[in-house]
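Here UniProt numbering is used: position 575 in the first sequence is 575, and no number is missing along the way.
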Amino acid sequence: MQPTALSGLPAGVGEALEAEGVADLYPPQEAAVEAGVLDGESLVAAVPTASGKTLIAELAMLSAIERGGKALYIVPLRALASEKKAEFERWEDHGVTVGVSTGNYDSDGEWLATRDVIVATSEKVDSLIRNGAPWIDDLTCVVSDEVHLVDDASRGPTLEVTLAKLRQVNPGLQTVALSATVGNADVIAEWLDAELVESEWRPIDLRVGVHFGNAINFDDGSQREVPVDRGEEQTARLVADALDTEEEGQGGSSLVFVNSRRNAESSARKLADVTGPRLTVDERDRLRELAAEIRGVSDTDTSEDLADAVEDGSAFHHAGLAAEHRSLIEGAFRDRLIKCVSATPTLAAGVNTPARRVVVRDWRRYDGEFGGMKPLDVLEVHQMCGRAGRPGLDPYGEAVLLASDADTMDELFDRYVWADAEPVRSKLAAEPALRTHVLATVASGFASTRGGLLEFLENTLYATQTDDAGRLAAVTDSVLEYLAANGFLERDREGGTESLSATGIGHTVSRLYLDPMSAATMIDGLRDVCAVDDAAVEGAAAGAYERSAAADAADDGEDPGFGTYSRVGGDDGGETDADDADVDAAGDPASDITPLGLYHLVSRTPDMYELYLKSGDRETYTEICYEREAEFLGDVPSEYEDVRFEDWLAALKTARLLEDWADEVDEDRIAERYGVGPGDIRGKVDTAEWLLRAAETLAADVDGVDGDAVLAVRRARKRVEYGVREQLLDLAGVRDVGRKRARRLYEAGVETRADLREADKGVVLGALRGRERTAERILEHAGREDPSMDGIDADRSASAAATAGSGDGDDEGQASLGDFR
DNA sequence: CGTCCATATCTGTAGACAGCATGTC
DNA sequence: CTACAGATATGGACG
């Protein structure tokens, strides 16, 4: 079937596809057309990666737009959102407009309503529904990429509920779900009332095999001799073999999957010995430039190690890397400059990075819950293998699992090569998931009674899959109880029906996109300190208070999730002695609220990913816990009796990291001290920023909009956001002034925004290392009348003072963490 | 007495969404 | 109830 023969697409699209080289549709695409994607039929396409799934989605969306509709493309990762956007933008020539909306990037709120195609993450779509984005009603086509992720325990339920909501809002909605080949695609199709297109077909052949001894044994019965000399690494030999196999004049790149960050790094180091000697002079030059760029992203050891490996054409890839690191590596690997990437599973599910050969080195991964090394899911291994075969470059892709003995080889064949992927199973009936979604469902008006709620939940995959309807109802009831007890929902029993409505705070929590338990934790902590400090404000916050007070009374049981409210005497631990001399301790109630207290509060919330306690950390943080006991908001669990103490310490470690960041500690110090990578630091800071912003809103509810708590939270948030001490807050708020410039200006004697307007220009210029343009911009943003730097000489002493004060080397030109995004 | 290698012991373990309002060196 | 690779410490043989 030729693209020009398709009907229902915008004018010129068929020809454009042909020009792109699409002479004939792939069999699964053809099947999708026959199933009616172009006519608005819903469809589940369960096909391998890189077999043209995206085109199926495009056909659906473009034909929907041609009929005057609007399409939404749901992605699982932010990085994929930009990738898809770029891909879809080629239709702008045909009058199709594209917009993106993710947590950190919005192509302008209102403007989205005018876009034909919107790309967003599932969480963002959920949030947009909760906040009543008007264009949701206009959607006629929704595409869900990687739907098999509904199986994911933490994020799957969001996708599931979001699809159910979209379909309820708009019963005629065309739903196109793209899935990996899974065990039960038919069930997904049944759930979505969709046609099913299932296929194993791939445009590039994939040969899967197991290497053992001196050869790879492929699934088709063929063998490839790859002898491993004594003492030589199996992986290294396979990577070398792929590189030395010159087909189409190109040595093939490899992707090596391992099971930990550390393994990824050490593997990359070792494989550098394989890739290094095979580089051309030109490649070496370009890699040196790339390495310099990598070093510029961050000055941590991680960054340095990565750059070292990259100079030899090898790289590692895991979540400890900063986002820039990752995209630099992905790009250079796609451009065939980097010959080999050793990666954790980040890369298996992330952006498109095909390789000539995929080596699955580790097939087991540590799992704390499991209590040891757990074999990877079949689906996961299939996804890794699916990365083999670069379109247009390779005649076929090779995926190789490694076995060290014959028994393992047999097991790998049985377990992965011959096996079908597991069936997808909904994880919706877990309490944390329902807690969030039940509140949101009620708050945004999808249900107003218990019966209506259960009816709505009938539209989820969970309901389609389970034969035990009672379980969902039971979990729902316990969640309703929790939400009511914490004052997020009101329940009224009248006759046989139980009506549900969200309270003011319930609506707020839903819109803030907080886990209700996070909100409860934060409210609890904030109320604790406000109640002690400021009884007068109580009246203003009565709305939020009463509910919870009533809830307290209703709840006698010690449910750990509820938190305990009464802490006797918040200031019994002596003076809280924060590092900030600027805070007026005496007589200022907000001084009871220290940044550490707030960082700990948000860190012990379920929305913050836990930092690991390593050996020795227990003692370290137990000590800190006692030293700074007075700063914590809420009750400190007992070291000996309370199982929550461990979590409390883990949160304390996170809080300390944030405190260090807000104390201008260099990122390499932080990385070393907490055993994390630059990506982790940035992630923590980002999450804290988000949660503190939410806490600010909650504090306004508890303490009144101008309460001390609100101000304290805002200050703590800004300090994390800018990564500066209290004294630099004013300066760092000026546009173009960040962590480093603020510190240099301050050391040169320019301490406030007002100083910037008055200060000697020579001093300012000196502190900014003689950058005239930058200095002018900053003065302008600070509101100076005459920002011109014409004829000003940089003050040498200002420059010297600034350099000495900032503590890092001169002229390194290194970006700090605060520079990301 | 220092070096090198073989063996025992210890240690630590994948991932990444959201709000809000615009910009670092 | 469950593992295992890499880093580090330990110890012995050797020149």
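Backbone N, C-alpha and C define an ideal beta-carbon position, used for all residues, glycine too.
Exercise. For Leu80 versus Val351, is the C-beta distance shorter than 8 Å?
Worked result: Locating residue 80 in the first sequence gives position 80, counting from the first residue. Locating residue 351 in the first sequence gives position 351, counting from the first residue. For Leu80 and Val351, yes; Cβs fall inside 8 Å.
Problem set entry | Reduced DSSP category for Val602 - H, G, I as helix; E, B as strand; rest coil | In the first sequence, counting from the first residue as 1, residue 602 sits at position 602. Helix.
Problem set entry | Length of the line joining the Cα atoms of Arg743 and Asp701 | Here residue 743 refers to the residue found at position 743 when the first sequence is read from its first residue. Here residue 701 refers to the residue found at position 701 when the first sequence is read from its first residue. Cα to Cα, the separation comes out at about 35 Å.
Exercise. Per DSSP, which one or two residues make a beta bridge with Ala343?
Worked result: Translated into positions along the first sequence, residue 343 becomes position 343. Looking at the DSSP assignment, Ala343 forms a beta bridge with Phe257, His317.
For this session: Indicate the three-state DSSP secondary structure (helix, strand or coil) for Gln174 in the structure shown.
Result: Mapped onto the first sequence, residue 174 falls at position 174. Strand, per DSSP.
For this session: Could you tell me if residue 860 is buried or exposed, where buried requires 16 or more neighbouring beta carbons within 10 angstroms of its beta carbon?
Result: With the chain covering only 1 through 821, there is no way to say anything about residue 860.
For this session: Taking Tyr640 as the reference, give the member of Gly634, Trp648, Leu633 with the closest Cα.
Result: Counted from its first residue, the first sequence places residue 640 at position 640. Ranked by Cα distance from Tyr640, the options Gly634, Trp648, Leu633 are led by Trp648.
For this session: Would you kindly check if the distance between the Cβ of Ala732 and the Cβ of Val720 is under 8 Å?
Result: Here residue 720 is taken as the residue at index 720 of the first sequence, counted from 1. Here residue 732 is taken as the residue at index 732 of the first sequence, counted from 1. Contact flag unset, no.
Exercise. What whole-angstrom Cβ distance do Gly675 and Lys614 have, given they're in contact under 8 Å?
Worked result: What you label residue 675 is simply residue 675 of the first sequence in a count that begins at 1. What you label residue 614 is simply residue 614 of the first sequence in a count that begins at 1. With a Cβ gap of about 6 Å, Gly675 and Lys614 count as contacting.
Exercise. If you draw a straight line from the C-alpha of Thr102 to the C-alpha of Asp126, how long is it?
Worked result: Taking the first residue of the first sequence as position 1, residue 102 is located at position 102. Taking the first residue of the first sequence as position 1, residue 126 is located at position 126. Going by the C-alpha atoms only, they are around 11 Å apart.
Exercise. Could you check where the beta strand (DSSP E) with Arg491 kicks off and where it finishes?
Worked result: Along the first sequence, one-based indexing puts residue 491 at 491. Run containing Arg491: 489 to 494, per the beta strand (DSSP E) assignment.
Problem set entry | Assigned exposure category for Val643 - 16 Cβ within 10 Å defines buried | Here residue 643 refers to the residue found at position 643 of the first sequence. Exposed is the call here.
Exercise. Quick one: what's got a C-beta closer than 8 Å to Ala31's C-beta in the same chain, skipping five residues either side?
Worked result: As a position in the first sequence, residue 31 is number 31, starting the count at 1. Excluding positions up to five away in sequence, the list reads Val197, Ser199.
Exercise. Would DSSP call Gly68 helix, strand or coil?
Worked result: As a first step, residue 68 must be located in the first sequence, where it is residue number 68. Coil.
Problem set entry | Bridge-paired residues (DSSP) for Glu498 | By 1-based counting over the first sequence, the position of residue 498 is 498. Glu498 is bridged to Arg493.
Exercise. Cα separation between Val143 and Ala323?
Worked result: Position 143 of the first sequence holds residue 143. Position 323 of the first sequence holds residue 323. Rounded to the nearest angstrom, the two C-alpha atoms are 26 Å apart.
Problem set entry | Distance between His507 and Arg693 (C-alpha atoms, nearest Å) | For the purposes of this step, residue 693 is taken as residue 693 along the first sequence, with counting starting at 1. For the purposes of this step, residue 507 is taken as residue 507 along the first sequence, with counting starting at 1. Answer to the nearest angstrom: the Cα atoms are 16 Å apart.
Problem set entry | Span separating the alpha-carbon of Leu765 from that of Ala430 | Start at 1 with the first residue of the first sequence, and residue 765 comes out as number 765. Start at 1 with the first residue of the first sequence, and residue 430 comes out as number 430. Their Cα atoms are separated by approximately 58 Å.
Exercise. What number of angstroms, rounded off, separates the C-alpha of Asn486 from the C-alpha of His211?
Worked result: Reading the first sequence from its first residue, position 486 is the one you call residue 486. Reading the first sequence from its first residue, position 211 is the one you call residue 211. Asn486 and His211: Cα-Cα distance of roughly 57 Å.
Problem set entry | Local conformation of Gly397 per DSSP, three classes | Here residue 397 is taken as the residue at index 397 of the first sequence, counted from 1. Correct three-state label for Gly397: strand.
Exercise. Between which two residues does the alpha helix (DSSP H) carrying Met409 extend?
Worked result: Within the first sequence, the letter at position 409 stands for residue 409. Run containing Met409: 406 to 412, per the alpha helix (DSSP H) assignment.
Exercise. Hey, out of Leu768, Asn104, Ala185, Ala332, whose CA is closest to Gly738's CA?
Worked result: Stepping through the first sequence from its first residue, residue 738 is reached at position 738. It is Leu768 whose Cα lies nearest to the Cα of Gly738.
Problem set entry | Residues that Ser101 bridges to, as DSSP identifies them | Looking up residue 101 in the first sequence gives position 101. Answer is Asp106, Ala120.
Exercise. What separation, rounded to the nearest whole angstrom, lies between the Cα atoms of Lys653 and Arg435?
Worked result: Within the first sequence, numbered from 1, the residue matching residue 653 stands at position 653. Within the first sequence, numbered from 1, the residue matching residue 435 stands at position 435. Answer to the nearest angstrom: the Cα atoms are 27 Å apart.
Problem set entry | Coil, strand or helix - Arg207 by DSSP | Residue 207 sits at position 207 when you count from the first residue of the first sequence. If DSSP states are grouped into helix, strand and coil, Arg207 belongs with the strands.
Exercise. Who does Asp273 pair with in a DSSP beta bridge?
Worked result: The sequence position of residue 273 within the first sequence is 273, counting from 1. For Asp273, which the question treats as bridged, DSSP gives no partner whatsoever.
Problem set entry | Opening and closing residue of the beta strand (DSSP E) in which Phe456 lies | Numbered from 1 along the first sequence, position 456 holds the residue referred to as residue 456. Phe456 -> not in any beta strand (DSSP E); alpha helix (DSSP H) instead, spanning 450 to 457.
Exercise. Would DSSP call Phe212 helix, strand or coil?
Worked result: As a position in the first sequence, residue 212 is number 212, starting the count at 1. Phe212: strand per DSSP, three-state reduction.
Exercise. Residue ranges of each alpha helix (DSSP H) run of no fewer than 4 residues wholly in the region 118 to 161, ordered along the chain?
Worked result: Within the region 118 to 161, the complete alpha helix (DSSP H) runs of at least 4 residues fall at 122 to 130.
Exercise. Does the region 174 to 181 touch the region 368 to 376, meaning 3 or more C-beta pairs lie closer than 8 Å?
Worked result: no
Exercise. Under the three-state reduction of DSSP, which class applies to Ala585: helix, strand or coil?
Worked result: Here residue 585 refers to the residue found at position 585 when the first sequence is read from its first residue. With a pLDDT of 39 at Ala585, under the threshold of 50, the predicted position of this residue should be treated as unreliable, and no value is reported.
Problem set entry | Cβ distance (whole Å) where Ala447 is taken to contact Thr441 below 8 Å | Within the first sequence, numbered from 1, the residue matching residue 447 stands at position 447. Within the first sequence, numbered from 1, the residue matching residue 441 stands at position 441. Indeed they touch by this definition, with Cβ atoms about 5 Å apart.
For this session: Find out if the Cβ-Cβ distance for the pair Ile56, Val37 is shorter than 8 Å.
Result: Here residue 56 refers to the residue found at position 56 when the first sequence is read from its first residue. Here residue 37 refers to the residue found at position 37 when the first sequence is read from its first residue. Taking 8 Å as the Cβ cut-off, Ile56 and Val37 qualify as a contacting pair.
For this session: On a CA-only basis, which of Gln234, Leu59, Arg207, Glu772 is nearest Ser222? Give me that one, please.
Result: Looking up residue 222 in the first sequence gives position 222. Ranking the options by Cα distance to Ser222, first place goes to Arg207.
For this session: Assign Ala484 to one of two classes, buried (16 or more other C-beta atoms within 10 Å of its C-beta) or exposed (fewer than that).
Result: Taking the first residue of the first sequence as position 1, residue 484 is located at position 484. Ala484 is buried by the Cβ-count criterion.
For this session: Taking 8 Å as the threshold, find out whether the region 110 to 120 comes into contact with the region 386 to 402 through three or more Cβ pairs.
Result: no
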